[in-house]
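Undergrad: A single structure is presented below for examination.
Residue numbers (this note's numbering): 2 to 284.
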């Protein structure tokens, strides 16, 4: 007696099997997050032990628990939130101005080989000058305040966005642009429908890189220029008092938290908008 085997029925049209690659990426990301948290916990424990056992003078390195307590205490006061708002306002304006300047300029230089070659030496020279070195000049011309923070931050942050835009435009397949031109697309339409969508992932990466640079520069200006507002001013004022070491470290910890939150938020937005790009690159 023989038994007949039934052939597996084809999947209904429009359905897809579960993607193992997606599960693997999710698992790797979860493992990476857990390892990162383990590293942070190990660092916190090390700092706590070093200070508690007096292996490092607590006057120079307070226990992490004390720093965290002082930070939470300061966050209960509205004054610190005003400092945070001042820093984030300068950060946001700096980011917007940097993107508005760098993206159009990067598209122009990316599409014009002659323009790129002519400006390359000037751009390479300008971007090697540290933005912090401009603080005395900008302080003299503009004076302390929001405008000063924005100007110095824009000078520092415009370069990653500019170069990533140029590289993104260079990566666009020339045959695609030629085909669009054959079908009667204008130059503006080619930029809007082909160049910008193709270059967008690299532009987004440049913006994320610049976001950290802008935050660092803004807080540094607040520290150096002696302004009254901002997280940097909060750190500087407590440092000047001499006996507020824990609050100084609390301000430093706050800057790290702000940078981490900004980077994670922009990274999540980048993956959501351009996840197709990272999948194509095998990331």
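A virtual CB, placed ideally from N, CA and C, is assigned to each residue, including glycine.
Kindly confirm or deny that the segment 68-79 and the segment 247-257 touch, where touching means at least three C-beta pairs closer than 8 Å.
TA: Enough Cβ pairs lie closer than 8 Å, so yes.
Undergrad: Within a Cβ cutoff of 8 Å, which residues of the same chain sit near residue 146, ignoring the five residues on either side of it in sequence?
TA: Taking the first residue of the chain shown as 1, we reach residue 146 at position 145. If we look at residue 146 and ignore the five residues flanking it on each side, its Cβ neighbours are 228.
Undergrad: Using the C-alpha atoms, what's the distance from residue 36 back to residue 88?
TA: Taking the first residue of the chain shown as position 1, residue 88 is located at position 87. Taking the first residue of the chain shown as position 1, residue 36 is located at position 35. Rounded to whole angstroms, residue 88 to residue 36 spans 31 Å at the Cα level.
Undergrad: Assuming residue 246 contacts residue 60 under a Cβ cut-off of 8 Å, what Cβ separation, rounded to an integer in Å, is found between them?
TA: Counting from 1 along the chain shown, the entry for residue 246 is found at position 245. Counting from 1 along the chain shown, the entry for residue 60 is found at position 59. Confirmed, Cβ separation roughly 6 Å.
Undergrad: So what does DSSP say about residue 283, is it helix, strand or coil?
TA: Numbered from 1 along the chain shown, position 282 holds the residue referred to as residue 283. The predicted position of residue 283 is uncertain, since its pLDDT is 45 and thus under 50; a value taken from the coordinates is nonetheless stated next. Three-state result, residue 283: coil.
Undergrad: Kindly indicate the opening and closing residues of the alpha helix (DSSP H) around residue 107.
TA: Looking up residue 107 in the chain shown gives position 106. Note, residue 107: alpha helix (DSSP H), 79-112.
Undergrad: Would residue 214 and residue 157 qualify as a contact pair, given that the criterion is a beta-carbon distance under 7 Å?
TA: Taking the chain shown and counting its residues from 1, the one referred to as residue 214 is at position 213. Taking the chain shown and counting its residues from 1, the one referred to as residue 157 is at position 156. Yes, the Cβ-Cβ distance between residue 214 and residue 157 is below 7 Å.
Undergrad: Express the C-alpha separation of residue 264 and residue 212 in angstroms, rounding to a whole number.
TA: By one-based count along the chain shown, residue 212 stands at place 211. By one-based count along the chain shown, residue 264 stands at place 263. Cα to Cα, the separation comes out at about 7 Å.
Undergrad: Would DSSP call residue 265 helix, strand or coil?
TA: Mapped onto the chain shown, residue 265 falls at position 264. Residue 265 falls in the helix class under three-state DSSP.
Undergrad: Looking only at its chain, what residues have a beta carbon closer than 7 Å to the beta carbon of residue 93, apart from the 5 residues adjacent to it on each side?
TA: Residue numbering aside, residue 93 sits at position 92 when the chain shown is read from its first letter. Correct list: empty, nothing qualifies.
Undergrad: Is the Cβ-Cβ distance between residue 155 and residue 199 less than 7 Å?
TA: Counting from 1 along the chain shown, the entry for residue 155 is found at position 154. Counting from 1 along the chain shown, the entry for residue 199 is found at position 198. For residue 155 and residue 199, no; Cβs fall outside 7 Å.
Undergrad: For residue 126, count neighbouring Cβ atoms within 10 angstroms of its own Cβ and tell me buried if that reaches 16, exposed if not.
TA: Numbered from its first residue, the chain shown carries residue 126 at position 125. It is exposed - the Cβ of residue 126 has fewer than 16 other Cβ atoms within 10 Å.
Undergrad: Would DSSP call residue 287 helix, strand or coil?
TA: No information on residue 287 is available, as it lies outside the stretch 2 to 284 that the chain covers here.
Undergrad: For the alpha helix (DSSP H) that contains residue 243, what are its first and last residues?
TA: Looking up residue 243 in the chain shown gives position 242. Premise fails: residue 243 is in no alpha helix (DSSP H) and is neither H nor E.
Undergrad: For the segment 130-138 against the segment 175-193, do three or more pairs of beta-carbon atoms, one drawn from each stretch, fall closer than 8 Å, so that the two count as touching?
TA: Too few Cβ pairs lie closer than 8 Å, so no.
Undergrad: Where residue 222 and residue 161 are concerned, what is the direct C-alpha to C-alpha distance, given to the nearest angstrom?
TA: Numbered from 1 along the chain shown, position 221 holds the residue referred to as residue 222. Numbered from 1 along the chain shown, position 160 holds the residue referred to as residue 161. If I take the Cα positions, the gap works out to 20 Å.
Undergrad: Assuming residue 103 and residue 68 are in contact, meaning their beta carbons sit under 8 Å apart, how far apart are those beta carbons, in whole angstroms?
TA: If you number the chain shown from 1, residue 103 lands on position 102. If you number the chain shown from 1, residue 68 lands on position 67. 37 Å between Cβ atoms; not a contact.
Undergrad: Please determine, among 267, 241 and 231, the residue with the shortest C-alpha to C-alpha distance to residue 83.
TA: Here residue 83 is taken as the residue at index 82 of the chain shown, counted from 1. Comparing Cα positions, the closest option is 231.
Undergrad: State buried or exposed for residue 281, treating a residue as buried only when at least 16 other CB atoms are found within 10 Å of its CB.
TA: Taking the first residue of the chain shown as 1, we reach residue 281 at position 280. Bear in mind that the predicted position of residue 281 carries a pLDDT of just 49, short of 50, making it unreliable; the figure below should be weighed with that in mind. Classification of residue 281: exposed, given that the 10 Å Cβ count is below 16.
Undergrad: Would DSSP call residue 130 helix, strand or coil?
TA: Position 129 of the chain shown holds residue 130. Residue 130 falls in the coil class under three-state DSSP.
Undergrad: How would you label residue 209, buried or exposed, when you count the other beta carbons within 10 angstroms and need 16 or more for buried?
TA: Translated into the one-based positions of the chain shown, residue 209 becomes position 208. Buried, by the Cβ-count rule.
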